[in-house]
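Novice: Chains as they are written, first to last, in my numbering: chain A, 958 to 1299; chain B, 60 to 394.
First, the structure itself, so that you have it in front of you.
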Amino acid sequence: MNKNKNLLEVENLTLQFDTDEGRITAVDNVSFSVAPGEVLGLVGESGSGKSVTAKSLMKLNPGNAIYSPETKINLHLENRSVDIMQLKSSKDMLVARGGAISMIFQEPMASFAPAITIGDQMVEQLLIHTDYSVAKAKKYSIEMLDRVGISDADKRFKQYAFELSGGMRQRAMIAMALSTKPKLLIADEPTTALDVTIQLQVIELMKDLVKEFGMGIIFITHDLGVIAQTADKVAVMYLGKLIEQGAVRDVIRNPSHPYTQGLIAALPKLDDLDAPLVAVAGDIPSPLERPPGCVFHTRCPVELGAQCRSMVPDFSSVASGHTVACHLIEASNVLDKKVAVS
Amino acid sequence: MNDRIKTPLIATKDLSVHYPLRSTKLFGPPPVVRAVEGVNINIAPGSFFGLVGESGSGKTTLGRALLKAAPITRGEVTYNDGEVNFDLTDIEKQDLQEYRRRAQLIFQDPYAALSPRMTVRDIIAEPLEVMGITKSREETDQRVREIAAKCRLNLEHLRRFPHAFSGGQRQRISIARALVSNPKFVVADESVAALDVSIQADVLNLLKDIQKEMGLAFLFISHDLSVVAHVCDYVAVMYLGRLVETAPTRQLFAAPRHPYTKALLSAIPSLDPDDYGKAEKLEGEIPSPTNPPPGCKFQTRCRFAVDICRTQEPKLETEEGHDVACHRWRDLMEA
């Protein structure tokens, strides 16, 4: 068993879509990794490419998606490694789709089939992914529903999605995603549609389950507060680019990219009601008009000039494991080194 | 203070909205959803009034009832802006038209609220034309341009269709449409919930500026307490159709009295990762309004509930301008 190894390694993920209006870049050269038992938070506003990135891991993007040849997505399981980009037939894909990787979607109402009971949907996937008999799959599904805190699990098992409340549906979704014992769980905005009180319940449930099952989680959200409470590592995306990455405490306490700083400043804070709310100026540009150079320069408050407008910034390190793609950091890193020498 | 200033713009007395459901039994009365039950609120002119609660608490229905867009089963709603006053429970058709001009609604989802087949100019001008407020096209254009400028939309934007805009820009278009008839009262129902955090601040600042500039009153419905804390002067917390706590914003956030308000505040995810596990978790979910529990409606989830809470519904008590409906709020504050 590869204990110290990462569970998932994504390298140079670049994804474009062919559309009527031209070819658009949705994800641009993104690399990250997830270890077993680790929660990676993927943050960014709508249009930043976080969901598309997550779907790439299961090759769930629509037919007009074009992955660049440099893209590498490797899933390291106990006894073998799977190169997801090489999976072709839908039978091969089973390992990534519901086998070793499960996904929880944002809108639990839309992700359950409306005319099939919750129970039948749970049993169906167990029959595909395990060698359980129908009776065993049923028993195990009810156990899982009970495990995620659904009362009267055997009654709920026979109900349809519309009979459950939003929080309940999301719990059922989690139970379903976990029942195949995935190694990696992708949760795409799992709490966004929920009330804060229910959100808290779901967050705590997910944290407990990570501990219990030891799986890796990719938690996608636009809410930095949720990230702070769930993730171990954070990756911030903007317009398909990864712009800052690091341990959650480093990134939240010492945000180094102007965009991350802007996101944190834009959050209304309860401890200081007089603080003005500062928005990140401007809107996220259309993917058809991706700015050259640093993708954020059109909205950046500290943009340096020609360098930002024409050159794509490299990642530079601000602390161990905390990297930022910004010319400003590159420049100040050079300065710091000079100061340190003198 | 003279009396005219003290007169609330919108006042409700024992307002209830019930929706009958289709009967499932052969005999007996059909079940009723008590969406809003016995609500008394006063919204002062020019104030920013927040309404918070979980989904299913009746916030949207209350907002709609104040616009006479939901059936008022019992109680009173009165509107008085100094120029006209209406009793919404018994309003003539003509007065209702006038009321529609003075009371407007901003919807939650800016993607669904704008017609894809109309230009932004036409969207904003529609209320003026429908209500016959402007006499000529020039006058309409003039009004549209004025309000668009206030909402930070430029002339170029007016010629385009909604699909060309981002969520934040679309929400600014909806705001412009709501404000073009020069209302005195606007219900903003989850108007920033669908927006990204980075854009949300921008729309909130805009609403706040407009409120000050035009002197209108907002009923700001939201499930996000941190947003409410920043923009509202006054906050009401709803649970299962009832108001459980109302107070000036600062007072409410500094010293919440109702256990539900406390739990809502505590559940907001903190930005500090070290706060994990410190939040007070509320078990269970909001009960169904067709079958509310007896006594205090919150008793099924309240960890402080005692016998009296299970049998007797608490009344709103006012102390220092801060209302709360809880049997035990005093002992809980001391503890």
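Even glycine gets a Cβ: it sits at the ideal position worked out from N, Cα and C.
Just so you know, these numbers come straight off a predicted model, no measurement behind them.
If distances are taken between C-alpha atoms only, which option among Y78(B), E272(B), S285(B) and E376(B) comes closest to L302(B)?
Specialist: Along the second sequence, one-based indexing puts residue 302(B) at 243. Of the candidates Y78(B), E272(B), S285(B) and E376(B), the one whose C-alpha sits nearest the C-alpha of L302(B) is E376(B).
Novice: Note down, in chain order, all residues in the region 1147-1165 of chain A with a beta-carbon under 8 angstroms from any beta-carbon belonging to chain B.
Specialist: D1152, V1153, T1154, I1155, Q1156, L1157, Q1158, I1160, E1161 and K1164
Novice: With distances taken between CB atoms, is the gap from L1245(A) to L1261(A) smaller than 8 angstroms?
Specialist: Start at 1 with the first residue of the first sequence, and residue 1245(A) comes out as number 288. Start at 1 with the first residue of the first sequence, and residue 1261(A) comes out as number 304. No, Cβ-Cβ distance for L1245(A) and L1261(A) is not below 8 angstroms.
Novice: Alpha carbon to alpha carbon, how far is M1042(A) from Y78(B)? Give it in angstroms, no decimals.
Specialist: Within the second sequence, residue 78(B) is the residue found at index 19, counting from 1. Within the first sequence, residue 1042(A) is the residue found at index 85, counting from 1. So the two alpha carbons sit approximately 54 angstroms from each other.
Novice: Please list, in chain order, all residues of the same chain as E966(A) whose beta carbon is under 6 angstroms from its beta carbon, the five residues on each side excluded.
Specialist: Reading the first sequence from its first residue, position 9 is the one you call residue 966(A). Cβ neighbours of E966(A) beyond the five flanking positions: S990 and N1031.
Novice: Can a CB atom of chain A be found closer than 8 angstroms to the CB of S200(B)?
Specialist: Here residue 200(B) refers to the residue found at position 141 when the second sequence is read from its first residue. First, the amino acid is wrong: residue 200(B) is Asp here, not Ser. No - not a single Cβ of chain A is within 8 angstroms of the one on D200(B).
Novice: Return the chain-ordered list of same chain residues with a C-beta closer than 6 angstroms to the C-beta of A70(B), the five sequence neighbours on each side being excluded.
Specialist: Sequence index remark: in the second sequence, residue 70(B) carries index 11 (1-based). Excluding positions up to five away in sequence, the list reads N101 and T137.
Novice: Using a Cβ-Cβ cut-off of 8 angstroms, state whether V195(B) counts as contacting chain A.
Specialist: Numbered from its first residue, the second sequence carries residue 195(B) at position 136. Going by the sequence as given, residue 195(B) is Ser instead of Val. S195(B) does not count as touching chain A.
Novice: Could one say the Cβ of I327(B) lies closer than 8 angstroms to chain A's Cβ atoms, at least one of them?
Specialist: Counting from 1 along the second sequence, the entry for residue 327(B) is found at position 268. Yes, I327(B) counts as interfacial toward chain A.
Novice: The alpha helix (DSSP H) spanning H289(B) covers which residue range?
Specialist: Counted from its first residue, the second sequence places residue 289(B) at position 230. Start and end: L284 to V290.
Novice: Considering only their Cβ atoms, is the gap separating R236(B) from P186(B) smaller than 8 angstroms?
Specialist: In the second sequence, counting from the first residue as 1, residue 186(B) sits at position 127. In the second sequence, counting from the first residue as 1, residue 236(B) sits at position 177. In contact: P186(B) and R236(B) (Cβ atoms closer than 8 angstroms).
Novice: If we define contact as Cβ-Cβ less than 8 angstroms, is T976(A) a contact residue for chain B?
Specialist: As a first step, residue 976(A) is located in the first sequence; it is residue number 19 there, counting from the start. Not one chain B Cβ lies under 8 angstroms of T976(A).
Novice: In chain order, what residues of the same chain lie with their CB nearer than 7 angstroms to the CB of H222(B), ignoring the 5 residues before and after it?
Specialist: Translated into the one-based positions of the second sequence, residue 222(B) becomes position 163. Excluding the 5 residues flanking it on each side, H222(B) has same chain C-beta neighbours closer than 7 angstroms at P175, in chain order.
Novice: Mind the definition here: the region 224-231 of chain B touches the region 277-293 of chain B only if three or more C-beta pairs lie below 8 angstroms; say whether that holds.
Specialist: no
Novice: Does the contact criterion of 3 or more C-beta pairs under 8 angstroms hold for the region 1002-1012 of chain A versus the region 1181-1200 of chain A?
Specialist: Verdict: yes, contact present.
Novice: Between which two residues does the beta strand (DSSP E) carrying V76(B) extend?
Specialist: Taking the first residue of the second sequence as position 1, residue 76(B) is located at position 17. Membership of V76(B) in the beta strand (DSSP E) is indicated by the continuous run I69 to P79.
Novice: Which stretch, first to last residue, makes up the beta strand (DSSP E) that contains T982(A)?
Specialist: Within the first sequence, numbered from 1, the residue matching residue 982(A) stands at position 25. Per DSSP, T982(A) belongs to the beta strand (DSSP E) from G979 to V991.
Novice: Please confirm whether P242(B) and R160(B) have their CB atoms less than 8 angstroms apart.
Specialist: The residue given as residue 242(B) occupies position 183 in the second sequence. The residue given as residue 160(B) occupies position 101 in the second sequence. Closer than 8 angstroms, so yes.
Novice: Is R1206(A) close to chain B, meaning its C-beta is less than 8 angstroms from at least one C-beta of that chain?
Specialist: Taking the first sequence and counting its residues from 1, the one referred to as residue 1206(A) is at position 249. Closer than 8 angstroms: yes.
Novice: What residue from F107(B), E151(B), V246(B) and E198(B) has the CA that sits closest to Q167(B)'s CA?
Specialist: For the purposes of this step, residue 167(B) is identified with residue 108 of the second sequence, where counting begins at 1. Of F107(B), E151(B), V246(B) and E198(B), the residue nearest in Cα terms is V246(B).
Novice: Beta carbon of K340(B), beta carbon of Y298(B): below 8 angstroms?
Specialist: Stepping through the second sequence from its first residue, residue 340(B) is reached at position 281. Stepping through the second sequence from its first residue, residue 298(B) is reached at position 239. Cβ atoms of K340(B) and Y298(B): not closer than 8 angstroms.
Novice: Pull up the distance between the alpha-carbon of V179(B) and that of I206(B), whole angstroms please.
Specialist: As a first step, residue 179(B) must be located in the second sequence, where it is residue number 120. As a first step, residue 206(B) must be located in the second sequence, where it is residue number 147. Going by the C-alpha atoms only, they are around 12 angstroms apart.
Novice: Using a C-beta to C-beta distance shorter than 8 angstroms, which residues of chain A count as neighbours of H282(B)?
Specialist: For the purposes of this step, residue 282(B) is identified with residue 223 of the second sequence, where counting begins at 1. What H282(B) touches in chain A: D1152 and V1153.
Novice: Does any C-beta atom of chain B lie closer than 8 angstroms to the C-beta of H1284(A)?
Specialist: Sequence index remark: in the first sequence, residue 1284(A) carries index 327 (1-based). No - not a single Cβ of chain B is within 8 angstroms of the one on H1284(A).
Novice: With a CB to CB cut of under 8 angstroms and the five nearest residues on each side skipped, what residues in its chain are close to P1258(A)?
Specialist: Translated into the one-based positions of the first sequence, residue 1258(A) becomes position 301. The beta carbon of P1258(A) sits closer than 8 angstroms to the beta carbons of P1215, G1219 and A1238 from its chain, once the five residues preceding and following it are set aside; these are given in chain order.
Novice: Below 6 angstroms CB to CB, which residues in the same chain sit around R1266(A) once its five sequence neighbours on both sides are set aside?
Specialist: Locating residue 1266(A) in the first sequence gives position 309, counting from the first residue. G1250 and H1254, listed in sequence order.
Novice: So which residues on chain A does P352(B) lean against when the C-beta distance must stay under 7 angstroms?
Specialist: Numbered from its first residue, the second sequence carries residue 352(B) at position 293. By Cβ distance, chain A contributes nothing, its closest Cβ being about 16 angstroms from P352(B), past 7 angstroms.
Novice: Tell me, please, whether the CB atom of K340(B) is closer than 8 angstroms to any CB atom in chain A?
Specialist: Counting from 1 along the second sequence, the entry for residue 340(B) is found at position 281. Yes, its Cβ sits closer than 8 angstroms to a Cβ of chain A.
Novice: Have a look at K1140(A) and S1038(A) and give me their C-alpha separation to the nearest angstrom.
Specialist: Position 183 of the first sequence, counted from the first residue, corresponds to residue 1140(A). Position 81 of the first sequence, counted from the first residue, corresponds to residue 1038(A). Looking at the two C-alpha atoms, the distance is approximately 13 angstroms.
Novice: So for D382(B), helix, strand or coil by DSSP?
Specialist: Residue numbering aside, residue 382(B) sits at position 323 when the second sequence is read from its first letter. Three-state result, D382(B): strand.
Novice: Could you tell me if M1163(A) is buried or exposed, where buried requires 16 or more neighbouring beta carbons within 10 angstroms of its beta carbon?
Specialist: Within the first sequence, residue 1163(A) is the residue found at index 206, counting from 1. Result: buried.
Novice: Excluding sequence positions up to five away, which residues of its chain have a Cβ less than 8 angstroms from the Cβ of I1160(A)?
Specialist: Counting from one through the first sequence, the residue named residue 1160(A) turns up at place 203. The residues are T1148, V1183, Q1186 and T1187.
Novice: Report the option in Q1078(A), R1206(A), I981(A) and K1093(A) whose CA atom is closest to the CA atom of N1021(A).
Specialist: On the first sequence, residue 1021(A) is found 64 positions in, with the first residue counted as 1. Considering only alpha carbons, the answer is I981(A).
Novice: With burial defined as no fewer than 16 other Cβ atoms inside 10 Å of the residue's Cβ, what is the status of P1270(A): buried or exposed?
Specialist: What you label residue 1270(A) is simply residue 313 of the first sequence in a count that begins at 1. Under this definition P1270(A) is a buried residue.
Novice: Please list, in chain order, the chain B residues whose beta carbon lies closer than 9 angstroms to that of S1059(A).
Specialist: Position 102 of the first sequence holds residue 1059(A). Ordered by position in chain B, no residue passes the 9 angstroms Cβ test against S1059(A), which lies about 24 angstroms from the chain.
Novice: Using only alpha-carbon positions, find the residue among L173(B), H216(B) and V239(B) that is nearest to G191(B).
Specialist: Indexing the second sequence from 1 puts residue 191(B) at position 132. Selected option, being the one with the closest Cα: V239(B).
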